[in-house]
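Protein chains in written order, with my numbering: chain A, 132 to 270; chain B, 132 to 270.
Positions of the beta carbon are idealized from the N, C-alpha and C atoms, including for glycine.
Quick caveat, the model's predicted, so the values are computed rather than measured.
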DNA sequence: CACAGTGTGAAACTCTCGGTGAAGAGCGAC
DNA sequence: GTCGCTCTTCACCGAGAGTTTCACACTGTG
């Protein structure tokens, strides 16, 4: 059960946008990509998906780029993950009639567990955590 | 984030062994495969991995086959999942230094969440659940 | 119009997963 | 011993998904 790098990239991009959210300015794909070490051309595709789900918005032309469409506190990790794939936790077994019912129930429990955990983490949380870690560094 | 069919197959096989555990007899790969709708040649590879981790044991020759190495109550879904892959929840991000610390923390939380949930489900639980569902059917 | 940016689709590339096949090795029956 | 049954091991293959890159169209600004 492995998380795709795409998911990771998406989360990094949103986190970077959250960090720069206060500036109010649109951020260029190129800059976001460089800041997070993500291939720019790939990031574009991810951002388009994020935009389709209204997690971010974009501006064209000069001074164009990407912005968060909501406050960091209103975007959860679950939102981002569900955006790049459909369900966060996916398995053929859940729709496979040859899979025993009780086992399907178990997969369902795992799914719920992941969903609940991912939905509980907002990007505001991550921002706060990042800042407190920064402080720790100076102690 | 998708659960491999291999994991599903492994869980089905162990569940089937658990169901027949009371008989005390070794179960042939062929029978297990047919009972759970799994390609026999593929199931062999999975069983060998399960054996390497001492979740099942095997007997050769006539009357040979596979048996659980422990009681169903002593085998958790987490044990089986960790057996076929290494960690249940895996991602390159966790060892990628270019991934922000706070984000890695978030992935770690997801991992823990999955581990805890999977470890809490034993195959005895699944057996019990299966039986109670059977009863329900006759009401 | 020219420029700086996003939007979109497709090609190429890698890699893992799911599955197959066959030869080898232990065990029991005759 | 030898034969049949079963697990054991290994090599391999095809398909599909995930990742990346590229080229080009589109859109707003000055």
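{"Asked": "Leaving aside the five residues before and after residue 93 (chain A) along the sequence, list all residues of the same chain whose C-beta is less than 6 Å from its C-beta, in chain order.", "Found": "This structure cannot settle anything about residue 93 (chain A), because the visible part of chain A is limited to 132 through 270."}
{"Asked": "Go ahead and pull the three-state DSSP assignment for residue 184 (chain A).", "Found": "coil"}
{"Asked": "Anyone know if the C-beta pair for residue 253 (chain A) and residue 205 (chain A) falls short of 9 Å?", "Found": "yes"}
{"Asked": "Rounding to the nearest angstrom, what Cα-Cα distance links residue 232 (chain A) and residue 176 (chain B) in this structure?", "Found": "24 Å"}
{"Asked": "Between B:246, B:190 and B:185, which has its C-alpha nearest residue 241 (chain A)'s C-alpha?", "Found": "B:246"}
{"Asked": "Taking all protein chains shown into account, decide if residue 153 (chain A) is buried (16 or more other Cβ within 10 angstroms of its Cβ) or exposed.", "Found": "exposed"}
{"Asked": "DSSP state of residue 207 (chain A), grouped into three classes?", "Found": "strand"}
{"Asked": "Confirm, please, whether the CB-CB distance from residue 221 (chain A) to residue 202 (chain B) is below 9 Å.", "Found": "no"}
{"Asked": "Where do the ends of the alpha helix (DSSP H) carrying residue 225 (chain B) lie?", "Found": "First-last for residue 225 (chain B): undefined, no H or E at that position."}
{"Asked": "At least one CB of chain A closer than 9 Å to the CB of residue 216 (chain B): is that the case?", "Found": "yes"}
{"Asked": "State the Cα-Cα distance for the pair residue 210 (chain B) and residue 219 (chain A), rounded to the nearest angstrom.", "Found": "22 Å"}
{"Asked": "Output needed in chain order: residues of the segment 220 to 235 of chain B with a Cβ under 7 Å from some Cβ in chain A.", "Found": "220, 221, 222, 223, 224, 229, 230, 231, 232, 233 and 234"}
{"Asked": "Can you tell me the Cα-Cα spacing of residue 185 (chain B) and residue 190 (chain A), whole angstroms?", "Found": "58 Å"}
{"Asked": "To which residues of the same chain is residue 169 (chain B) closer than 6 Å at the C-beta, ignoring the five residues directly before and after it?", "Found": "140"}
{"Asked": "Do residue 199 (chain A) and residue 149 (chain A) come within 9 Å of each other at the CB atom, strictly closer than that value?", "Found": "yes"}
{"Asked": "Excluding the 5 residues preceding and the 5 following residue 174 (chain B) in the sequence, name in chain order all residues of the same chain whose CB lies nearer than 7 Å to its CB.", "Found": "140, 144, 160, 163 and 164"}
{"Asked": "Using a cut-off of 7 Å between C-beta atoms, extract the partners of residue 244 (chain A) located in chain B.", "Found": "244, 245 and 248"}
{"Asked": "Based on DSSP bridge pairs, tell me the residues matched to residue 253 (chain A).", "Found": "A:207"}
{"Asked": "Using the three-state DSSP reduction, which class does residue 135 (chain A) fall into: helix, strand or coil?", "Found": "coil"}
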